[in-house]
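A short write-up of the structure that comes next.
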Ligand SMILES: [Zn+2]
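In the working numbering, the protein residues as written are 284 to 608.
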């Protein structure tokens with residue numbers, strides 16, 4: 284498991300729930316960026332810090348408000364993906380309802396406290412906004428991978444992602460329970476997730492920062508003063524994007540803790556696979572691909588509930604309508 288900062292002689296970074304809260308001089312949408320939902324993924328926090336700093340110096344040049352939130356503060360400090368439970372698998376209706384009702388009084392484990400604080404923050408933003416809120420959840424991957432975005436079934440989520448020049452994954456949320464995205468769309472707001480490369484790579488904060496600027500542009504929050512920043516952001520992602528324009532997830536290989544799941548070496552995100560190809564092994568034996576397609580998020584770390592996904596290429600993006608014309 285990676286430490287967030289293991290360089291000798293450097294102080295480990297300190298993480299706070301609120302990365303930045305920047306209100307512009309002009310009315311407009313609320314944009315929430317969340318980094319570090321997984322504690323071994325600090326890149327999103329660093330990306331949001333940079334964006335908050337630039338916006339703070341340019342309050343007259345954008346509209347609406349920007350809020351940067353840290354996900355799993357405790358796990359980030361520990362350098363762990365999570366402490367007791369995966370914070371990005373806890374957003375089912377019942378869990379959120381019981382947190383709302385019981386407040387923090389009933390909380391018995393680290394991630395429930397984290398979730399309670401994030402929930403309180405999000406619900407207060409939602410309460411004070413009469414427009415839909417844009418929520419961008421920033422992650423990184425255990426394997427070296429080019430950036431990609433994940434959208435929900437909702438066309439608004441697709442519109443939010445429309446200006447990102449990276450592969451867009453649809454249908455993934457159908458296969459996952461309790462993600463933050465699920466909650467955000469359940470309560471009527473607009474989520475997307477961006478995976479910005481490998482956990483501790485030098486590129487990850489840059490790629491994620493580029494995604495934040497482009498998503499804010501999708502939400503029509505940035506004035507023309509940001510145009511050169513936006514073209515740099517676009518180029519940054521275009522240059523490294525690999526894989527299909529759009530991938531629809533058709534299959535999830537779920538794993539249990541005692542499965543002893545081991546991915547076969549050498550699989551890369553979006554790699555083409557064939558029916559029956561050997562992909563992994565567990566204590567029951569070989570695991571082979573159920574179909575032709577592209578492999579998504581092969582698991583090469585110890586913690587996770589999914590070994591891999593298989594998706595099929597499609598291209599409906601031309602039909603997606605950006606918020607910004
Ligand atoms: Zn993550």
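Idealized CB from N, CA, C, for every residue including glycine.
Simplified DSSP assignment, three categories, for residue i
i	result
residue 392	coil
residue 348	strand
residue 354	coil
residue 284	Low local confidence applies: a pLDDT of 42 at residue 284 is under 50, so the model's placement there is unreliable, with the coordinate-based value given in what follows. Coil at residue 284, not helix or strand.
residue 327	helix
residue 404	helix
residue 445	coil
residue 505	strand
residue 542	helix
residue 500	helix
residue 474	strand
residue 309	strand
residue 458	helix
residue 592	strand
residue 485	coil
residue 340	coil
residue 569	strand
residue 432	strand
residue 411	coil
residue 417	strand
residue 360	helix
residue 438	helix
residue 290	In this predicted model, residue 290 has a pLDDT of only 48, less than 50, meaning its place in the structure is not dependable enough to derive any value.
residue 602	helix
residue 297	coil
residue 315	strand
residue 495	helix
residue 556	strand
Opening and closing residue of the alpha helix (DSSP H) in which residue i lies
i	result
residue 577	No alpha helix (DSSP H) holds residue 577; the beta strand (DSSP E) holding it covers 576-579.
residue 522	510-523
Buried versus exposed call for residue i [16 or more other C-beta atoms within 10 Å across all chains shown]
i	result
residue 500	buried
residue 562	buried
residue 318	buried
residue 273	Any answer about residue 273 is impossible in this case: the structure gives the chain only from 284 up to 608.
residue 324	buried
residue 577	buried
residue 347	buried
residue 365	buried
residue 389	exposed
residue 472	buried
residue 594	buried
residue 571	exposed
residue 353	buried
residue 301	exposed
residue 310	exposed
Nearest to residue i (by Cα), restricted to the options the options
i	options	result
residue 461	347, 372 and 413	372
residue 464	435, 583, 491 and 586	435
residue 529	415, 392 and 441	441
residue 363	312, 425, 351 and 411	425
residue 598	494, 515, 531 and 430	531
residue 488	312, 315, 334 and 348	334
residue 646	543, 321 and 475	Because residue 646 is not part of the residues shown, which for the chain are 284 to 608, the question remains open.
residue 313	592, 399 and 498	498
residue 399	415, 416, 355 and 418	355
residue 392	376, 358, 471 and 544	358
residue 555	476, 525 and 536	525
residue 370	338, 475 and 397	397
residue 412	349, 579, 607 and 477	349
residue 545	583, 298 and 353	583
residue 375	596, 470 and 361	470
residue 408	456, 421 and 316	316
residue 596	418, 575 and 587	575
residue 573	559, 580, 581 and 377	559
Endpoints, beta strand (DSSP E) assigned at residue i
i	result
residue 379	Element bounds for residue 379: not the beta strand (DSSP E) but the alpha helix (DSSP H), 376-385.
residue 463	It is not in any beta strand (DSSP E) - residue 463 instead sits in the alpha helix (DSSP H) that spans 463-469.
residue 251	Residue 251 is absent from the model: the chain starts at 284 and stops at 608.
residue 645	As displayed, the chain neither begins before 284 nor continues past 608, which places residue 645 out of reach and without an answer.
residue 537	529-537
residue 586	Unbroken run through residue 586: none, as it is neither H nor E.
residue 453	451-453
Ligand 3 heavy atom lying under 7 Å from the CB of residue i
i	result
residue 320	With respect to ligand 3, the structure shown offers nothing to examine, as its ligands consist of ligand 1.
Does the segment 338-349 come into contact with the segment 304-319, if we say contact requires no fewer than three beta-carbon pairs (one atom in each stretch) closer than 8 Å? yes
For the segment 504-515 and the segment 447-456, state whether three or more C-beta atom pairs, one from each stretch, are separated by less than 8 Å. no
Okay, do the segment 555-572 and the segment 404-413 touch, 3+ Cβ pairs below 8 Å being the bar? no
Stretch pair the segment 548-557 + the segment 377-393: three plus CB contacts closer than 8 Å: no
For the 8 Å Cβ check, are there 3 or more pairs between the segment 520-529 and the segment 483-497? yes
Contact between the segment 468-487 and the segment 413-430: three or more CB pairs below 8 Å? yes
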